[in-house]
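Colleague: Before anything else, here's the structure in question.
Residue numbers (the numbering used here): 2 to 130.
Now the structure itself:
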């Protein structure tokens, strides 16, 4: 039965990067692969946990152009089983004073608890003008 549930979870997370640790299975997914300047990037971070954890830090970061344009932390409680964390971010402008160059960029999600990183997963997206 556990194998069947795990298989269903893996199929559900198809198309996203998946990381397995001893306690967690995670996946990061975006609603699209290509974004334009100022468009909202809808991210879904999925984590299957074997334990309950309170005050877990989920850090969303990436789009590195001299510095991370995306770098925000969300505090959540993780329960045993499947957990979904949604996060939205406005894509930075391409070109201009504070813009980025069009191209491929990584977005990552990192889960930490008690000053220990539990898992990190990344996904590549494209940003155009």
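Backbone N, C-alpha and C define an ideal beta-carbon position, used for all residues, glycine too.
Does the separation of the CB atoms of residue 122 and residue 31 fall below 8 Å?
Modeller: no
Colleague: Quick one: residues in its chain with C-beta nearer than 8 Å to the C-beta of residue 41, no 5 flanking neighbours on either side, listed in chain order?
Modeller: 89, 90, 91 and 92
Colleague: Can you tell which of 43, 127, 47 and 63 has the C-alpha that lies nearest to the C-alpha of residue 120?
Modeller: The residue from 43, 127, 47 and 63 with its alpha-carbon nearest to that of residue 120 is 47.
Colleague: Determine which residues share a DSSP beta bridge with residue 110 and list them.
Modeller: Beta-bridge pairing links residue 110 to 61 and 122.
Colleague: Within 10 angstroms of its Cβ, does residue 139 collect 16 or more other Cβ (buried), or is it exposed?
Modeller: For the chain, the structure presents residues 2 to 130; residue 139 sits outside this window and is missing.
Colleague: Quick one: measure Cβ to Cβ for residue 112 and residue 52, integer angstroms, because I've assumed they're closer than 8 Å.
Modeller: That pair is no contact at about 12 Å.
Colleague: Leaving out five residues on either side along the sequence, give the residues of the same chain with a beta carbon under 7 Å from the beta carbon of residue 39.
Modeller: Cβ within range, chain order: 91, 92 and 94.
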